[in-house]
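Chains as they are written, first to last, in the working numbering: chain A, 32 to 300; chain B, 1105 to 1412.
Next comes the structure, spelled out in structure tokens:
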């Protein structure tokens, strides 16, 4: 019970953070691009409208951090959806057809998961420019391997059951059986793993943005803000501390929620 | 067992070849080249440069040449760091990266395993919750956030350790980067050990061992730890990947002269050979680690056989 109480607190905190990041633009008069030359690198406080202070260019850190949180969350959700879609269909096809198809498709997964995939994402983002669409796809493309394995394992046990046989007997094709009968029955573990994928992907995106390969100026993600802050650490530590804390809280909450969900679902037969 | 080892080693060659091929052509698919500057070079100079590095040849010829050189252990010249071959660059930087990587790995194992064991022995006490909360934080917070925080605390406010920099032979500069690198794998190892240790503690053979009157310490170290380490062994390759990835950023934040910076910079500069060298080196390291893990499995769990 105590684990779930922890997960509920994390969920509440997480929802508050989401609400804050969505409501951000209406709470504070500043915009992400406006430069306030009278308050350059000013410290946090309620004396002026810069509640979290400003960065070296006089941009408001409150507004920028909330924008960064929004970006990180949306990347996390979209890229997880990509990895979910790819992983579930791949895994279901492997598990359903079995035999030689399964063997070769799983060999591909084995080889891919042996590779340092982060390098390929760095490659892709460097090579094909830095569009956000590509960022979503390439990050999502990295996350699907484990998902495919999980779904394959589940599918193997589902496809031996009678209702699949019944579906085959009534003339349903493999596409229809996978979409209508197999996928709905493997969703439990998939949802748990997807919840744990979101923080991994947010972490990954902020890593890329930190390296300068992700979100580009004037837009901000938590990764780019942390990169800016790390440079200014000595004179203006809040430029690092504010986005750093937001990222830390966000990731911790998501991880606790995922763990709680897993514990909960694992107990149910 | 030696036969198995050799077989696996031979099996790694096609994988490595696939990696080389894929990254070679991916890299060449990129727009731009290594000699693009702010001001465009005169076409004659450009042609000469291209010719000197063999870039005027068709892609297949270049690929063939690269493979032949690679078979002789030659990674080729760097395009960006003039007068250096990739082998030289790697030879200069790799010892530093290897040093912090090994330190981080040893620390992750040396602290993570006792931490997980301790948490398991005190299951559902405040000690257990505290350890596992720390582990969640360790998993969630990436090195590039931890390192600046540590630098702020220990470097700028407390003046205990330098924030960044490098001096050969001095360990002071390595402390903070190594701590930042080790935290994520340490946290995962602590969690894995706790889980499997709990399972081992509730097993029948452990009850037997205790019933014989063996002291708890012996029972834990001799009987429970070995099977409990199996999931940790399985995690070693991902741990290595996590440390490698972390070193890409940690080295640049801490100003260490390792090879971490070469990958991203090399890719941005279209320094084809340097990037290829890095990808090959890292992939080979991961493959070897995977092999070592399999051998370790057999040592930890005698039921594992090398029949396949």
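Every residue, glycine too, gets a C-beta built ideally from N, C-alpha and C.
Next on the checklist: Tell me which residues share the same chain as residue 154 of chain A and place their Cβ nearer than 6 Å to its Cβ, disregarding the 5 neighbours each side in the sequence.
Outcome noted: none
Checklist entry - Looking at the C-beta of residue 1249 of chain B, does it have a partner C-beta in chain A at a distance below 8 Å? => result yes
Checklist entry - Taking the alpha helix (DSSP H) that residue 1330 of chain B falls in, what are its first and last residues? => result 1329-1332
Checklist entry - Is the CB-CB distance between residue 1265 of chain B and residue 1280 of chain B below 8 Å? => result yes
Item to check | 8 Å Cβ shell around residue 231 of chain A - same chain, five flanking residues per side excluded | outcome: 174
Next on the checklist: Does residue 300 of chain A pass the burial test, meaning 16 or more other C-beta atoms within 10 Å, or should it be called exposed?
Outcome noted: The pLDDT assigned to residue 300 of chain A is 38, lower than 50, so where the model puts this residue is not dependable, and the model offers no usable value.
Item to check | Outcome for residue 1412 of chain B when other beta-carbon atoms lying within 10 angstroms are tallied against a minimum of 16 | outcome: Unreliable positioning characterises residue 1412 of chain B in this predicted model, as indicated by a pLDDT of 44, which lies under 50. The coordinate reading is nonetheless provided below. With fewer than 16 Cβ atoms within 10 Å of its Cβ, residue 1412 of chain B is classed as exposed.
Next on the checklist: Strictly by DSSP, which residues pair up with residue 1181 of chain B?
Outcome noted: B:1189
Checklist entry - By how many angstroms is the C-alpha of residue 260 of chain A removed from the C-alpha of residue 267 of chain A? => result 8 Å
Next on the checklist: Buried or exposed, going by whether 16 or more other CB atoms sit within 10 Å of the CB of residue 1327 of chain B?
Outcome noted: buried
Item to check | Contiguous alpha helix (DSSP H) assignments of at least 4 residues, all confined to the stretch 1236-1302 of chain B | outcome: 1247-1254
Checklist entry - Would you report the Cα separation of residue 1380 of chain B and residue 1285 of chain B, rounded to the nearest angstrom? => result 24 Å
Next on the checklist: I'd like the span of the alpha helix (DSSP H) that includes residue 242 of chain A, first residue to last.
Outcome noted: No alpha helix (DSSP H) contains residue 242 of chain A, which DSSP labels as neither H nor E.
Item to check | Pairwise C-alpha distance: residue 1184 of chain B and residue 177 of chain A | outcome: 37 Å
Next on the checklist: For a contact defined as C-beta to C-beta under 7 Å, what are the partners of residue 1244 of chain B on chain A?
Outcome noted: 230, 279, 282, 283 and 286
Next on the checklist: As a quick exercise: from A:180, A:273, A:129 and A:109, pick the residue whose alpha carbon is nearest that of residue 233 of chain A.
Outcome noted: A:109
Next on the checklist: Classify residue 107 of chain A: buried if its beta carbon has 16 or more other beta carbons within 10 angstroms, exposed otherwise.
Outcome noted: buried
Next on the checklist: Give me the DSSP bridge partner(s) of residue 1312 of chain B.
Outcome noted: Beta-bridge pairing links residue 1312 of chain B to no other residue.
Item to check | Chain-ordered neighbours of residue 275 of chain A on chain B, where CB pairs are closer than 8 Å | outcome: 1249, 1252 and 1253
Item to check | Buried versus exposed, by CB contacts within 10 Å (16 or more), residue 1309 of chain B | outcome: exposed
Next on the checklist: Tell me whether the stretch 1305-1324 of chain B and the stretch 1168-1188 of chain B touch, counting them as touching only if at least three CB pairs, one residue from each stretch, are closer than 8 Å.
Outcome noted: no
Item to check | As assigned by DSSP and simplified to three states, the class of residue 1405 of chain B | outcome: coil
Checklist entry - When you check each C-beta in the stretch 210-241 of chain A against every C-beta of chain B, which residues fall closer than 8 Å? => result 230, 234, 237, 238 and 241
Checklist entry - Does any C-beta atom of chain B lie closer than 8 Å to the C-beta of residue 96 of chain A? => result no
Next on the checklist: So, at 8 Å on beta carbons, what are the nonlocal neighbours of residue 127 of chain A in its own chain, with the 5 sequence-adjacent residues on each side left out?
Outcome noted: 186, 190, 205, 208, 209 and 213
Checklist entry - Which whole-angstrom value describes the C-beta separation of residue 1205 of chain B and residue 1348 of chain B, a residue pair presumed to lie in contact below a C-beta threshold of 8 Å? => result 7 Å
Item to check | Chain-order list of residues whose beta-carbon lies under 8 Å from that of residue 200 of chain A (same chain, five-residue window excluded) | outcome: none
Checklist entry - Between which two residues does the alpha helix (DSSP H) containing residue 106 of chain A stretch? => result 92-128
Checklist entry - How big is the Cα-Cα spacing for residue 1287 of chain B and residue 1361 of chain B? => result 22 Å
Next on the checklist: Do residue 251 of chain A and residue 102 of chain A have their beta-carbon atoms positioned less than 8 Å apart in this structure?
Outcome noted: yes
Item to check | Check whether residue 1267 of chain B and residue 1260 of chain B have beta carbons under 8 Å apart | outcome: yes
Next on the checklist: Pairs of beta-carbons, one from the stretch 1230-1244 of chain B and one from the stretch 1288-1295 of chain B, closer than 8 Å: are there three or more?
Outcome noted: yes
Checklist entry - Quick one: what does DSSP say residue 85 of chain A is sitting in, helix, strand or coil? => result strand
Next on the checklist: I need the straight-line Cα distance from residue 1325 of chain B to residue 1239 of chain B, nearest angstrom please.
Outcome noted: 23 Å
Next on the checklist: residue 122 of chain A and residue 180 of chain A - do their beta-carbons sit closer together than 8 Å?
Outcome noted: yes
Item to check | Exposure of residue 269 of chain A, with buried meaning 16 or more beta-carbon neighbours within 10 Å | outcome: buried
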